[in-house]
Amino acid sequence: MRRRRTSPARSLAALVIMALFGIALVFFPLRSRAVAKGGAPAKPVASGSAKLAASASAFPSGSASAAEGVAPFVPHGAASASALPPGAEPALSIPTGKGLPVSVNVAVFFLELKAFDDTKGEFDCTTDVRYRWTDLRLKFEKREAYRGYKEWRGNEAEDELAKIWKPNIDVTNRLESSSYVGHRLRIFPSGDVELITRMTAKYKVAVNAERFPFDRQYLVLDFLVREETTDEVVLRFNNEDVQWSRVSKNASLDGWDPGLVDLDADVVQGWNGDRYAKLTASLFVDRLATTGLAPIFIPLVASLLIPLLAIWMNKATPEGFEVEAFELANMGIGGLFSVIALSFAIYTSYAMIAGGDNTVTRLFGLNYATLALSLTIVVVLFRYNIVRRWWGPYVHEQVFKWIAWAMPVLTLGTSVAFLLVAAQ
Amino acid sequence: MTFRRRGTALLVATSFIVVLAITGIANFLTTRLLHEAKEENYKLMRDVLQSIVKSTEDKALSRAEMIASMNGVRDSLVARDRAKLLEECERMFKIQDEKYGVSRGQFHLPPGISFLRLHNPKKFGDDQSVSRPMLGDVNVNDVLRTGLEITPAGPTISAIVPVDDDSGKLAGSFEIGLELPPMLDKIKEAYNIEAAVFVEEKLLKELATELGGDVLTPKNRVGRYIRYYSTHPELASMLVTDKEIEILEARHYDKTVEGTMWGVQLVPLYTYNGKQVGVYALAINQAQENAAAGRARVWQFLTALFAVVAFAGVVLVVVRGLLLSPVQALGERMKALADGDASQPADPIDTYADEVQPLAEGYERLRKERQS
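Same order as they appear, the protein sequences are chains A and B.
All residue numbers for the first sequence refer to our numbering, where the first residue is 472 and numbers rise by one.
All residue numbers for the second sequence refer to our numbering, where the first residue is -16 and numbers rise by one.
As structure tokens, this is what we get:
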């Protein structure tokens, strides 16, 4: 194979090109450093894209944008330059550009509902929380961001947040959160700041079981402004926040039916008349009533039959009753123990219904009342024949007949009423 | 007729009817109370709307009068000096826009030609006197006016004040326009009333030429209206549909959405010249009132059940136990005695009611005579 000879002219040209590259490589960073040291604005910097570099160089030298400092163009998914103009002091003080108090809009998106333990009053979920406020110190020219905003994600967002003022908002009912907290920060030309925080956490909520098993519970996030009073920071929401605040269509929760998200702004009293802004985002979830039917209501209604059976088993005769009182009393005592055991089992599994007034405690109350009534009847009517002794066999017979149907009717009626009241 | 059966049945039925009637009346009173509570809610919603519209009009008017009466502003308008007028007002309007959401400010020359739009200084010279009757009225009659108009930015509560020169001659007019969304947000924030405004689609397309594309979309279409703004769009779409939206006067109704009862008040939206161009919809959560009324009804029916059972018990025990059964038993024994059977003694006398005791004693005497 014939070896190709390299001409001196070609070698010289290659040397010149290499020398030019070398000079460019040496001087390019020095130039950048020199500009930075001199406090002059940084020109748009290419982020690995020739097209973007060409766009950046399209700014006329010495124009207003260049003089004020132009933020670099950022390809999709990459971070923007600092939120503040180069050389500017961090804007950590409260923004007073639009006056005080600063309105911080809050919106919550429930991305995933992991679990809701109504017995402990805790729920786990992943949420996106959006905070929006305006800091006119962060205003910039529209042409500085071709997407209409500057954006930072993750650690870069955290770095940027360290340079600007942000509201000190705490979620007061949060118990624990996962180690990862995602941030996305956007700043718009008008100075509007939008911070979205994604977090998986466990929250504490109050469970009101009064309407169990037709109850509606509220998965609540309580936002509270710390340190800054309502004279400085208030929490607000508007139509956009309401629209943004919802539960993901793919989110589901075993035994519960998720509904709408509601936002509510309020204040909390502090010392010496101070007030702190509070905002509550609550997602309501309706319990699927059928889940409580088999384990709770069927045994409860069945146990109601025991004292009734103690009445029905007997029969009035001119001399008194067919069945001995002690046998029926035994039945009643057996029923009492079964209701105690049932209440223990249910209250252990469903701790939230153990205390307070609700359908289950009412039905247990009805069970005990019916048992007490049935034992009273057994003693007074069957054992001592009080009615027969005082008013004769005819009244005795009629009283027994009346009790035999009135007790089941009233017991059943009361049970149904308890359920209907809960269903309202 | 067997009194034992029919007589007691009649007594029990009578007591049942009486209890039922009392329960019905109690139920009726509960319904009335609920109705009155709801009517109060509807009235509250109408009053709130009226008050906040008036307050918004006053805000627009006070701003417009204040600005129009400033010497620099007046002199520049009289001199037809657009650049100076903009210089006078630019900073003021920017602050008003940034801090207070005042989105529109415009100077006109008679009979309604746009002289300077503070929100869009580059656009001027168009005659609005025909499309905007309120503007025409101010520029013809030299009086200030407030009201709702469909402007290029959408439905706006505007206040237009005339600007006179030193001789008192009309030199032009100035208007401030406040948009409806902040007003509806205030209703929600202050009273927890959800609010929405629906505007005729045809008018929006014709007049609201600067409207954002996200408003005129099929998902916002409700009958011939477009849901222009709502404090809770998802809820509004379920509460107000094609069937309810067509109204000529204020009306209200209840609707259950996602298991919650809402009271919805619809109020026609009129422009300055009295033409209905849309509908305001306000909604308040009435779940608590309904639940309380429902619970009251359940307790009333349970009380009625207890009452009926108690009445039935009294009738059966007293009438049958004390009267009919002893009389029936004595009758059967008497019949047996007449047939020659004297073996069945009466029950102990003191177990009979006083009124029956002579009968039992008479029977016992006859039986003993027959035995002897």
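C-beta atoms are modelled at their ideal positions from N, C-alpha and C, and glycine is treated no differently.
Item, Value
"Buried versus exposed call for B:Asn203 [16 or more other C-beta atoms within 10 Å across all chains shown]", "buried"
"From A:Leu750, A:Gly730, A:Tyr651, residue whose alpha carbon lies closest to that of A:Asn644", "A:Leu750"
"Chain A contacts from the segment 67 to 85 of chain B (Cβ-Cβ distance under 7 angstroms)", "Glu81, Lys82"
"Under 8 angstroms between C-beta atoms of B:Thr39 and B:Met221", "no"
"Cβ-Cβ distance between B:Thr239 and B:Asn268 below 8 angstroms", "no"
"Cβ pair B:Val(-5), B:Phe294 closer than 8 angstroms", "yes"
"Under the three-state DSSP convention, the category B:Gln340 falls into", "helix"
"Neighbour list for B:His215 in chain A, Cβ cutoff strictly below 7 angstroms", "Val713"
"Members of the segment 6 to 20 of chain B that neighbour chain A once the beta carbon cut-off is set at 8 angstroms", "none"
"Residue of B:Thr(-15), B:Pro93, B:Phe11, B:Val85 minimising C-alpha distance to B:Ala142", "B:Val85"
"Paired residues, beta bridge with A:Asp735 - DSSP", "A:Thr751"
"Outcome for B:Pro138 when other beta-carbon atoms lying within 10 angstroms are tallied against a minimum of 16", "buried"
"Chain A within 8 angstroms of B:Arg128, Cβ atoms only", "no"
"Chain-ordered neighbours of A:Pro572 on chain B, where CB pairs are closer than 7 angstroms", "None at all; the shortest Cβ gap to chain B is about 12 angstroms."
"Cα-Cα separation, B:Leu231 to B:Gly7", "36 angstroms"
"Min CB distance A:Trp873 to chain B below 8 angstroms", "yes"
"Buried versus exposed, by CB contacts within 10 Å (16 or more), B:Val1", "exposed"
"Any chain B beta carbon closer than 8 angstroms to A:Gln895", "yes"
"Short-range partners of chain A found in the segment 159 to 174 of chain B, where Cβ spacing is below 9 angstroms", "Pro164, Pro165, Leu167, Asp168, Lys171, Glu172"
"Contact set between the segment 285 to 310 of chain B and chain A, restricted to residues whose Cβ is under 7 angstroms from the partner", "Leu285, Leu288, Phe289, Val292, Gly296, Leu299, Val300, Arg303, Gly304, Leu305, Ser308, Pro309"
"Reduced DSSP category for B:His102 - H, G, I as helix; E, B as strand; rest coil", "coil"
"Inter-residue spacing [alpha-carbon to alpha-carbon] between A:Glu631 and B:Tyr263", "43 angstroms"
"Within 8 angstroms, strictly: CB atoms of A:Val664 and A:Thr605", "yes"
"Identity of the residue in A:Val577, A:Ala781, A:Asp693, A:Phe581 nearest A:Asn709 by Cα", "A:Val577"
"Residue of B:Tyr346, B:Val250, B:Arg316, B:Arg278 minimising C-alpha distance to B:Tyr25", "B:Val250"
"Exposed unless 16 or more other CB atoms sit within 10 angstroms - verdict on A:Ser845", "buried"
"Of the listed residues B:Phe90, B:Lys82, B:Pro328, nearest to B:Leu68 (C-alpha basis)", "B:Phe90"
"Option nearest A:Ile658 by Cα separation, candidates A:Ser650, A:Ile667, A:Val676, A:Ile565", "A:Ile667"
"Segment limits, alpha helix (DSSP H) that includes B:Asp80", "65 to 83"
"Beta-carbon neighbours of A:Gly763, restricted to chain B and to distances below 9 angstroms", "The premise fails here: A:Gly763 is roughly 17 angstroms from chain B at the closest Cβ pair, so nothing lies under 9 angstroms."
"Among B:Thr224, B:Gly246, B:Leu186, B:Gln271, nearest to B:Val260 - alpha-carbon criterion", "B:Leu186"
"Spatial distance of B:Glu347 from B:Ala325 (CA atoms)", "9 angstroms"
"is_contact[B:Gln340, chain A] using C-beta, thresh 8 angstroms", "no"
"Below-8 angstroms beta-carbon distance, B:Ala136 vs any chain A residue", "no"
"One or two residues paired with B:Ser97 in a DSSP bridge", "B:His91"
"Beta bridge counterpart(s) of B:Glu132 as assigned by DSSP", "B:Thr139"
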